[in-house]
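So the sequences go chain by chain: A and B.
Here the first sequence is numbered in the working numbering, starting from 217 and rising by one per residue.
Here the second sequence is numbered in the working numbering, starting from 17 and rising by one per residue.
Glycine residues also receive a C-beta, built at the ideal position from the N, C-alpha and C atoms.
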Amino acid sequence: MSPELRRRETISGYLFLLPSLIFFIGFVVVPMVMCVVTSFFDANMDLNTPDKFIWFNNYIELWQDPVFLKALKNTFIIVVVSVPFTCIFSLWVASAIYKMREGLLSFFRIVFYLPVVTGSVAVTVVWKWMYNNYYGIFNYLLKNTGVISKNINWLGNPQYALWCIILILLTTSVGQPIVLYVSALSNVDNSLVEAAEVDGATNMQVFWRIKWPQIMPTTLYILIITTINSFQCFALIQLLTSGGPNYATETVMYYIYYTAFKLYRFGYGNAMGVILAIFIGILSAVQFRLAREK
Amino acid sequence: MSKDNGSSVVYKIFSFVVLIVLAFLFIFPLYWIITGMFKPPAAINSPTPQWWPHEFTMRNITELFSRRTAPLFGEIALRVPGAIRWMVNTVFMAVMAMILTCITAAMAGYALAKKRFIGRTLLFSLIVAAMALPKQVILVPLVREISALGLYDNIWAVILPTVGWPFGVFLMKQFSEGIPGEMIEAARIDGASELGTFTNVVVPMIKPGIGALAIFTFINSWNDYFLQLIMLTSNSNLTISLGIATMQAENSTDFGLIMAGAALAAVPIIIVFLLFQKYFTKGITMGAVKG
């Protein structure tokens with residue numbers, strides 16, 4: 217490429233990028249930097265009072281804050297339960313449906329995506345009704361089948377509340393992985409599968425030896441997006457339990473929201489945001505490594 | 017599974033039955049919203065659920081449209097029920113976010129895929145890295161930035177950050193990779209301007225990609241509750257999700273009213289999804305970062 221052409225390409229390239237870059241820098245990069253910077257300040261929402269630089273005090277306080285530690289623990293429970301479950305569930309559904317006729321395949325794909333499209337608020341309010349102590353169908357069904365003898369206040373009970381949240385989260389998480397797995401499975405090289413079958417390989421062997429390595433990149437991507445989504449679990453908590461009872465459903469994302477917008481401790485909330493981003497970064501890197509080694 | 021021996025047929029039947037049961041469970045919440053919307057309070061506040069409403073009532077819907085009145089749009093004198101104003105806001109937000117995202121992302125994606133300029137690799141890595149960040153964490157500091165810009169509690173506060181999210185650029189780059197370089201070269205030799213090449217050669221070729229991004233952005237913007245919650249406060253600026261959440265906080269036991277609101281929030285977006293689901297599926301699969 218001649219220097220003249222290269223110069224022209226660079227100028228036109230950046231001109232095409234400009235509109236997008238303005239938004240990207242203005243509403244992603246700047247807040248990202250601000251998040252890190254304000255985490256070292258004692259800052260509130262009020263723009264007129266100057267922020268006070270307090271070094272690492274927000275971070276030090278975090279590790280002594282029992283609510284944050286509880287939130288961290290709950291968030292890890294959510295991630296550890298929902299990520300593997302979502303992956304296995306969606307892989308199973310995808311492998312059961314990907315060879316179906318187009319119409320049937322679309323039907324199942326749509327059905328499992330439905331809770332995502334319905335939107336977190338609509339989904340959450342109907343589950344709130346279903347979990348209700350007096351009028352909910354869960355208590356009705358479980359009592360009539362003899363599983364429980366008296367009504368359980370599902371969301372008001374520290375023993376069950378987090379699991380109730382995880383159940384809803386699962387129904388809203390599998391839609392996208394199923395779509396991705398269906399497409400990955402239908403792109404598996406068929407000649408390899410046929411050759412293996414001629415050689416007498418069982419279905420299980422065909423799956424683990426041939427299909428699994430080929431859908432590995434998809435699995436990795438699904439692991440990462442599911443992890444990020446589980447870490448960000450917010451609407452369910454805010455609308456159902458507000459972190460209660462007795463912090464049983466407090467998650468990091470909800471606690472960030474609470475400290476920043478209810479307690480107006482902006483710097484403290486951002487310090488938590490930085491910690492959350494670091495955790496997600498480490499987890500993504502580990503998953504990436506593991507997937508690469510295999 | 018080519019070898020149809022006995023056990024694999026049994027497994028197939030078994031898995032189909034499980035799938036049907038699961039499908040039923042996944043549809044049920046939506047079914048419960050829509051039937052709940054027509055149930056009278058006596059049926060809703062009863063420990064024995066009515067699987068199908070014994071009698072249909074419009075009470076919940078009239079109740080929904082009799083609360084929290086606001087101007088139809090802007091500050092005009094014509095006042096309408098809050099739910100209608102929230103719908104106007106939501107459609108405006110989702111359409112604006114969609115148009116702006118499609119234009120900026122199509123241009124940027126094309127540049128990243130087809131132009132060889134200094135800093136391209138670096139920029140692209142930055143975009144991919146940003147996508148791995150927890151989006152909600154960025155939105156918290158964004159509230160102060162938006163306030164400084166004087167946009168707090170303004171519908172644009174929920175449009176602009178959506179446009180900035182780099183997923184669209186990534187998706188459009190994936191689609192633009194498929195354009196043959198000779199076509200762009202030919203247009204240049206014919207003396208077409210850069211912008212002319214883009215609109216006449218590139219855009220027609222990435223139309224399916226733009227369709228996918230449009231529907232994707234529309235649905236995501238419609239349902240981005242966290243962003244709406246932290247940016248919008250006054251009654252006439254709420255979105256439908258936010259409005260329903262507010263109503264829910266005020267009347268937490270009137271499940272009939274809340275189901276009517278949930279239906280209003282969910283049904284339009286589900287219809288949009290069903291109409292364009294082919295594009296949508298394509299967008300999800302093309303947008304996957306291959307490891």
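Check                                                                                                                                                                                                      : Outcome
Taking C-beta to C-beta, are S525/A and T302/A nearer than 7 Å?                                                                                                                                            : Chain A is shown from 217 up to 510; residue 525/A falls before or after that span and cannot be answered.
Step through the CB atoms of chain B and report whether any lies within less than 7 Å of the CB of Q421/A.                                                                                                 : no
Report the option in F477/A, L383/A and P393/A whose CA atom is closest to the CA atom of L41/B.                                                                                                           : L383/A
Does DSSP classify P461/A as helix, strand or coil?                                                                                                                                                        : coil
For chain B, find out if any of its Cβ atoms is closer than 7 Å to the Cβ of C251/A; answer yes or no.                                                                                                     : yes
Between the Cα of L371/A and the Cα atoms of N348/A, P247/A and W308/A, which residue gives the shortest distance?                                                                                         : N348/A
Could you tell me the alpha carbon to alpha carbon distance between P235/A and C118/B, rounded to whole angstroms?                                                                                         : 11 Å
Taking the C-alpha atoms as reference points, what is the distance between E71/B and P182/B?                                                                                                               : 49 Å
Please state the DSSP three-state secondary structure of V96/B.                                                                                                                                            : strand
Kindly indicate which three-state DSSP category P235/A falls into: helix, strand or coil?                                                                                                                  : helix
Output, in chain order, the set of chain A residues within a Cβ distance shorter than 8 Å of L176/B.                                                                                                       : F239, G242 and F243
Would you list, in chain order, the members of the region 423–448 of chain A that have their beta-carbon closer than 8 Å to a beta-carbon of chain B?                                                      : M432, P433, T434, L436, Y437, I440, I444, F447 and Q448
Can you say whether W345/A is buried or exposed, counting buried as having 16 or more other CB atoms within 10 angstroms of its CB?                                                                        : buried
Using C-beta distances below 8 Å, list every residue in its chain close to M17/B, excluding the 5 sequence neighbours before and after it, in chain order.                                                 : The predicted position of M17/B is uncertain, since its pLDDT is 43 and thus under 50; no value can be drawn from it.
Could you work out which residues of chain A lie near M123/B, taking near to mean beta carbons separated by less than 9 Å?                                                                                 : L231, F232, L233, L234, P235 and S236
What's the gap between the Cα of Y329/A and the Cα of Q392/A?                                                                                                                                              : 7 Å
How about M199/B and G52/B: do their beta carbons lie closer than 7 Å?                                                                                                                                     : no
Less than 8 Å between the CB atoms is what I'm expecting for V299/A and T442/A, so what's the real figure, rounded?                                                                                        : 5 Å
Please check if any C-beta of chain A sits within less than 7 Å of the C-beta of G307/B.                                                                                                                   : Only weak support exists for where G307/B lies, its pLDDT of 38 falling under 50; the value from the coordinates is given anyway. Yes, G307/B lies at the interface with chain A (some Cβ there is under 7 Å from its Cβ).
Could you check what DSSP says for P393/A in three-state terms: helix, strand or coil?                                                                                                                     : helix
So if DSSP puts D258/A in a beta bridge, which residue, or which two residues, is it bridged to?                                                                                                           : K268/A
By the three-class DSSP mapping on this structure, what secondary structure does A148/B have?                                                                                                              : coil
Is the Cβ of Y168/B closer than 7 Å to any Cβ of chain A?                                                                                                                                                  : no
What did DSSP end up calling K182/B once you bin it into helix, strand or coil?                                                                                                                            : This sequence places Pro at residue 182/B; Lys is not what is there. Coil at P182/B, not helix or strand.
Using CA atoms only, rank isn't needed, just tell me which of V96/B, A59/B, A124/B and D270/B is closest to V179/B.                                                                                        : A124/B
Tell me the rounded alpha-carbon separation between F133/B and N419/A.                                                                                                                                     : 49 Å
Which residues, taken in chain order from the region 349–372 of chain A, show a beta carbon closer than 7 Å to some beta carbon of chain B?                                                                : Y350, Y351, I353 and Y356
Can you confirm whether the region 276–295 of chain A touches the region 462–478 of chain A when touching is taken to mean that 3 or more C-beta pairs between the two stretches lie within less than 8 Å? : yes
Show which residues of chain A have a CB atom less than 9 Å away from the CB atom of P69/B.                                                                                                                : None at all; the shortest Cβ gap to chain A is about 14 Å.
Tell me the start and end of each unbroken alpha helix (DSSP H) in the region 439–509 of chain A that is at least 4 residues and wholly inside, in chain order.                                            : 451–456, 468–477 and 482–509
Using three-state DSSP, classify P282/A as helix, strand or coil.                                                                                                                                          : helix
Under 8 Å Cβ-Cβ, which residues of chain A neighbour M275/B?                                                                                                                                               : V341, V342 and W345
What residue from L273/B, I115/B and P56/B has the CA that sits closest to R83/B's CA?                                                                                                                     : L273/B
Are any of the Cβ atoms in chain A nearer than 7 Å to that of R132/B?                                                                                                                                      : yes
Quick check on N264/A: buried or exposed, where buried means 16 or more other Cβ atoms within 10 Å of its Cβ?                                                                                              : exposed
Please work out which residues of its chain come closer than 6 Å, Cβ to Cβ, to P433/A, disregarding the five sequence neighbours upstream and downstream, and give them in chain order.                    : none
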